[in-house]
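Here my numbering is used: the first residue of the sequence shown is 6, the next is one more, and so on.
Each residue gets a CB set at the ideal place from its N, CA and C atoms; glycine is no exception.
Owing to the predicted nature of the structure, the values given are computational and were not obtained by experimental measurement.
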Amino acid sequence: MTLSSSAFDLETLSAEIISIADEATPETLNLAKLRIDARKWFVGHLCNERESEKKQKPLPLFDRIETILIDPKEDKKRPN
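Dropping the structure here:
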């Protein structure tokens, strides 16, 4: 599953969870719980996958490198 499609999948699965809960009857309650739990697990899996994709991108370590030259004679003249 790709990062671009996971946002749609999360919305779809969330809507399915609500629909299953709304349509549950006392006779189908255990089945509804199982279906909801399976979708909740999958949503968690998608979120973890999405986070790992974000973490895999290398971060820039430096924006710029500066060289600073200090004259020891000038440094001694400065008051503390």
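Nonlocal neighbours in the same chain, by C-beta distance under 6 Å from residue i, ignoring five residues either side
| i | result |
| --- | --- |
| residue 74 | none |
Sequence-distant residues of its chain with Cβ nearer than 8 Å to residue i (five each side left out)
| i | result |
| --- | --- |
| residue 26 | 37, 41 |
Contact set for residue i: own chain, Cβ-Cβ below 7 Å, skip 5 residues either direction
| i | result |
| --- | --- |
| residue 18 | 44, 47, 48 |
| residue 21 | 44 |
Cβ separation of residue i and residue j, assumed to be a contact under 8 Å, to the nearest whole Å
| i | j | result |
| --- | --- | --- |
| residue 14 | residue 51 | 6 Å |
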